[in-house]
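Just so you know, the sequences run in chain order R and A. Position one of the first sequence corresponds to residue 1 (the UniProt record's numbering), numbered consecutively onward. Position one of the second sequence corresponds to residue 1 (the UniProt record's numbering), numbered consecutively onward. Heads up: the structure comes next, in structure tokens.
2 protein chains.
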Amino acid sequence: MFTPVKNTKVYEQVIEQIKGMITSGQLKKGDKLPPERELVERLQVSRTSVREALRALQIIGLIDCRQGGGNYIKEDFEENLIEPLSLMFVLQNSRNREILELRKVLEVETATQAAQRITPEQASALQEIVQKMSQDPSEEENVALDKAFHYIIAQASGNNLVMSILLAVSSLMDSFIKEAREAIILKDENKKVLLEHHEKICAAITGRDPKRAAQVMTDHMTLIIRHMDLN
Amino acid sequence: MFTPVKNTKVYEQVIEQIKGMITSGQLKKGDKLPPERELVERLQVSRTSVREALRALQIIGLIDCRQGGGNYIKEDFEENLIEPLSLMFVLQNSRNREILELRKVLEVETATQAAQRITPEQASALQEIVQKMSQDPSEEENVALDKAFHYIIAQASGNNLVMSILLAVSSLMDSFIKEAREAIILKDENKKVLLEHHEKICAAITGRDPKRAAQVMTDHMTLIIRHMDLN
């Protein structure tokens with residue numbers, strides 16, 4: 001008859017209060033949370049409830065419990081999307097095609113936006129990456145350059161929400177479609193055409209041509225999807 | 001010197017094991033988890049660690065603790081994206097524009113895919129909704145019909161991953177851009193043009209014309225974004 005509902009509610013209320021402080025702007029990325037005993041006093045709840053709440057927030061990746069003291073709001077909160085996304089992916093019996101389609105639409109969108117919003121610094125960085133790609137880098141370097149290329153475009157889009165989801169989807173792809181990125185990049189016959197794609201995308205974005213950026217990114221993702229389905 | 005690292009690791013390991021059972025397909029949506037004492041035995045950990053792990057999984061929304069007994073893998077796991085997305089949104093100081101841009105690109109994508117994959121049943125359901133929209137429904141009904149309209153298109157896209165993110169983004173929109181959906185739908189001068197949009201989208205999708213579906217959905221979302229920015 002007597003389930004610990006009340007207690008469950010207490011720690012959930014503590015979580016809600018902390019989330020509320022974030023939503024209202026009282027707590028920001030990297031901020032330190034008040035110490036446990038202060039939370040106990042301010043929220044008028046038991047130390048156990050506060051601890052349960054803090055542990056839960058740690059598990060969902062919202063706070064970081066640093067050794068030696070203190071709980072901090074995490075800086076790299078984007079990572080939190082990866083876990084629920086990947087569990088959802090598995091639980092829904094999703095297919096690889098679904099990740100690829102999602103990545104395509106987000107990449108095309110960020111390319112379009114990047115062409116409208118890229119800063120001179122980001123444009124230089126993008127050109128530098130493509131420059132390095134053209135200098136016959138090692139396989140390992142090439143994979144890293146490819147990731148950096150797509151990352152800068154996502155950043156340049158100026159849409160943090162789209163960028164975060166794209167990054168989460170990218171790592172979902174890396175973990176579910178293993179070797180995919182590498183397999184494509186490493187094939188000798190792809191090297192030339194991929195370099196051309198990257199050059200065209202870079203030119204369209206730094207040339208601030210959103211339509212062209214969307215088109216060349218679409219071509220690029222279509223090639224990648226075709227290769228992945230064949231593998 | 002001695003922080004409870006070991007204990008933290010134990011419950012985290014329990015979580016990893018349960019996630020592993022999901023990833024390997026041993027546990028599916030709606031499945032009941034083994035009882036606590038069985039987990040204690042099988043995983044060779046303390047009852048406390050098992051309880052901590054179960055509570056954590058409950059908090060991240062992966063399992064449902066039903067009153068009277070048993071922990072079940074949640075059916076409606078999509079909702080789990082809403083929470084991290086909305087906290088991320090706040091922590092990143094994102095702007096409403098970002099949600100709108102993300103929703104636009106996902107809606108256009110689902111419309112395109114729906115035009116390729118819609119089933120006859122889904123097509124009938126979509127036509128029925130538009131039919132009801134044309135019969136001067138009450139304001140409340142109209143808001144519900146609008147949601148159902150976009151939901152069926154998302155379903156018909158056949159991409160669960162895109163659908164889940166779109167649904168999460170939709171509720172993010174509902175909570176951060178309050179009254180937005182209602183404000184647009186309820187304005188008398190919008191009624192006619194919105195009905196036309198819905199009719200055109202429905203015709204393109206049920207007529208299996210992906211390009212046209214993308215175009216009319218783009219027009220629709222552009223109108224919505226324009227109205228929201230003005231409000």
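The beta carbon of each residue, even a glycine, is placed where N, CA and C say it ideally should be.
Taking buried to mean at least 16 other C-beta atoms within 10 Å of its own C-beta, is residue i buried or exposed?
i	result
residue 137 (chain R)	exposed
residue 103 (chain R)	buried
residue 26 (chain A)	exposed
residue 175 (chain R)	exposed
residue 113 (chain A)	buried
residue 139 (chain R)	exposed
residue 93 (chain A)	exposed
residue 110 (chain A)	buried
residue 120 (chain A)	exposed
residue 16 (chain R)	exposed
residue 193 (chain R)	exposed
residue 52 (chain A)	buried
residue 48 (chain R)	exposed
residue 68 (chain A)	exposed
Answer with yes or no whether the minimum CB distance from residue i to chain A is below 7 Å.
i	result
residue 40 (chain R)	no
residue 222 (chain R)	no
residue 98 (chain R)	yes
residue 201 (chain R)	no
residue 37 (chain R)	no
residue 196 (chain R)	no
Please confirm if residue i has its CB atom under 7 Å from at least one CB of chain R.
i	result
residue 29 (chain A)	yes
residue 71 (chain A)	no
residue 193 (chain A)	no
residue 217 (chain A)	no
residue 105 (chain A)	yes
residue 43 (chain A)	no
residue 56 (chain A)	yes
residue 145 (chain A)	no
residue 205 (chain A)	no
residue 16 (chain A)	no
residue 63 (chain A)	no
residue 141 (chain A)	no
residue 82 (chain A)	no
residue 75 (chain A)	no
residue 47 (chain A)	no
Chain R partners of residue i, CB-CB under 8 Å?
i	result
residue 132 (chain A)	None at all; the shortest Cβ gap to chain R is about 29 Å.
residue 152 (chain A)	Near residue 152 (chain A) there are no residues of chain R at all, since even the closest Cβ is about 18 Å away, more than 8 Å.
Starting from residue i and walking both ways along the beta strand (DSSP E), at which residues does that stretch end?
i	result
residue 71 (chain A)	71 to 73
residue 118 (chain R)	Unbroken run through residue 118 (chain R): none, as it is neither H nor E.
Taking residue i as the query, report the chain A residues whose CB atoms sit under 9 Å from its CB, ordered along the chain.
i	result
residue 23 (chain R)	86, 87 and 90
residue 225 (chain R)	None at all; the shortest Cβ gap to chain A is about 13 Å.
residue 189 (chain R)	Those within 9 Å of residue 189 (chain R) in chain A number zero; the least Cβ separation is about 30 Å.
residue 184 (chain R)	Correct list: empty, because the minimum Cβ distance to chain A is about 21 Å.
Locate the alpha helix (DSSP H) running through residue i, then write down its first and last residues.
i	result
residue 60 (chain R)	Taken as a continuous stretch (DSSP letters only), residue 60 (chain R) belongs to no alpha helix (DSSP H), as it is neither H nor E.
residue 86 (chain R)	82 to 91
residue 66 (chain R)	Unbroken run through residue 66 (chain R): none, as it is neither H nor E.
residue 167 (chain A)	160 to 176
residue 143 (chain R)	139 to 156
residue 188 (chain R)	188 to 206
residue 42 (chain A)	36 to 43
Chain A partners of residue i, CB-CB under 7 Å?
i	result
residue 19 (chain R)	87
residue 156 (chain R)	None at all; the shortest Cβ gap to chain A is about 14 Å.
residue 94 (chain R)	160 and 161
residue 33 (chain R)	The contacting residues do not exist; residue 33 (chain R) stays about 14 Å from chain A at best.
The ligand GTP and residue i: does the residue's C-beta get closer than 6 Å to at least one heavy atom of that ligand?
i	result
residue 158 (chain A)	Within the structure as shown, the ligand GTP is missing, as the structure has no ligands at all.
Between residue i and chain C, is the shortest Cβ-Cβ distance under 7 Å, so that the two count as touching?
i	result
residue 18 (chain R)	Protein chains in the displayed structure are R and A, and chain C is not among them.
Residues of the segment 163 to 179 of chain A in Cβ contact with chain R at a cutoff of 7 Å, in chain order, please.
164 and 165
Beta carbons nearer than 8 Å to chain A: which residues of the segment 109 to 139 of chain R have them?
109 and 113
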